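In the working numbering, the protein residues as written are 944 to 1328.
Virtual Cβ for every residue (Gly too), placed ideally from N, Cα, C.
Fair warning: this is a prediction, and the values are worked out from it, not measured in the lab.
Structure, as structure tokens:
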């Protein structure tokens, strides 16, 4: 147990960090390990790998992700902002490199090999982008002579352009939603909000009319008989087959034919093997983490920390909702992971980085930490008459 009288950096961190959020994130990470054991062996065998190929890789990324989250949570808000700026610049440059020398998979270039490791730079761009944009909006409010809104809009255009070039429309939508939420929370005029909303609608209509694969996904969602809906249909079959209590660990059968059972459709695997009850518990855990994060953000007096923390929570929550909605056939397939749960090294470490930033930004000020008076202070106090 850490004493409240301890003034070491670890003690300062322990008594100021939001331990509810920390426990929630660790619980989600451990849940990801359990579901990786459930969903990935069948996929590994189908691809010709050892049964525990993806499980071992998931475990290999678990410790680095946990260390990244804990290490980042020690940062001060100023340090968090600087780290985010550096991460944003590096990730944008790597996203540009991906378009030139990236690994192509299913018609998209989203990954780049660095020292034998496959990295998806856009995953790291997202949390860094949110923190930097929050700072720009906050600076524009604090110092109107600085065109923070304009710089934030330019950053959005750059990020969206690189994501569309890959192409990755799921991440494009997620980044745009996070930016829009920050824009709204920064108290921008309703006329600007309405104008940007109209631009967003226009962009979606343009994507539907100009890009065949986007139109195909939307058409398959609205009219399933118009194309191949195998993955979504199979996921729904798994969810319905599991019932309330599931078929039992390792007893699922649909996962053996579901191509992305360990990544995009891990929620369906959880439903088949552990039941709807566990899935509801997972949804509640995500909800509690999001509500706690927003509650912490609202209590912040500084505009930057308030906006950055809220933006990171929105990013985390919306990505979770999109993944689960796709599994439940409530929206078109997006190819987006479930944070901390789905298999994927870049995704897990990037989410850990983002949530580490959130933990650092929501820490209570050291001045607010209650310390017992020192012995010398007690001796110096005048005695009561």
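- Task: Run through the stretch 1143-1219 for me and flag every whole alpha helix (DSSP H) of 4 or more residues, listed as ranges in chain order.
- Result: 1155-1165 and 1173-1185
- the stretch 1059-1069 / the stretch 1033-1048 touching (three or more Cβ pairs under 8 Å): Judged by Cβ distances under 8 Å, the stretch 1059-1069 makes contact with the stretch 1033-1048, as three or more pairs qualify.
- Report yes if the C-beta distance between residue 886 and residue 1199 is below 7 Å; otherwise report no. One cannot answer for residue 886 here, as it falls past the ends of the chain, which runs 944 to 1328.
- Cβ of residue 978 within 7 Å of Cβ of residue 1213? The answer is yes: Cβ separation under 7 Å.
- Assuming residue 1009 contacts residue 1302 under a Cβ cut-off of 8 Å, what Cβ separation, rounded to an integer in Å, is found between them? So it is not a contact: roughly 12 Å between Cβ atoms.
- Task: Run the CB neighbour count on residue 1289, radius 10 Å, all protein chains shown included, and call it buried at 16 or more, exposed below.
- Result: buried
- Any Cβ of chain C within less than 7 Å of the Cβ of residue 1182? No chain C appears in the structure shown, which is made up of a single protein chain.
- Query: Quick one: what does DSSP say residue 1011 is sitting in, helix, strand or coil?
  - Reply: helix
- Query: When burial is assigned at 16 or more other CB atoms within 10 Å of the CB, is residue 1211 buried or exposed?
  - Reply: buried
- Message: In this structure, how does DSSP classify residue 1238 when only helix, strand and coil are distinguished?
- Response: helix
- Query: Where does residue 1020 land, buried or exposed, given buried means 16+ other C-beta within 10 angstroms?
  - Reply: buried
- Looking at the unbroken alpha helix (DSSP H) that takes in residue 1255, where does it start and where does it end? 1246-1270
- Message: For a test of the three-state rule: what should DSSP assign to residue 994, helix, strand or coil?
- Response: It is coil, neither helix nor strand.
- Could you say which of 1095, 1044, 1231 and 998 lies nearest to residue 970 if we only look at CA atoms? 1231
- Task: Measure the beta-carbon distance from residue 1268 to residue 1215 and round it to whole angstroms, keeping in mind my assumption that it falls under 8 Å.
- Result: In fact, because the Cβ distance is near 18 Å, the residues do not count as touching under 8 Å.
- Task: Give every residue of the same chain whose Cβ lies closer than 6 Å to the Cβ of residue 1240, excluding the five residues on either side of it in the sequence, and list them in chain order.
- Result: 1249, 1252 and 1253
- Item | residue 1018 (DSSP reduced to helix, strand or coil) | coil
- Message: So, under 8 Å CB-CB, residue 1300 and residue 1027 are touching, yes? Tell me the CB distance rounded to an integer number of Å.
- Response: Rounded, the Cβ-Cβ distance is 7 Å, consistent with contact.
- Message: Taking DSSP's pairing of strands, which residues face residue 1046 in a bridge?
- Response: 1054
- Item | Rounded C-alpha distance that separates residue 952 from residue 1022 | 15 Å
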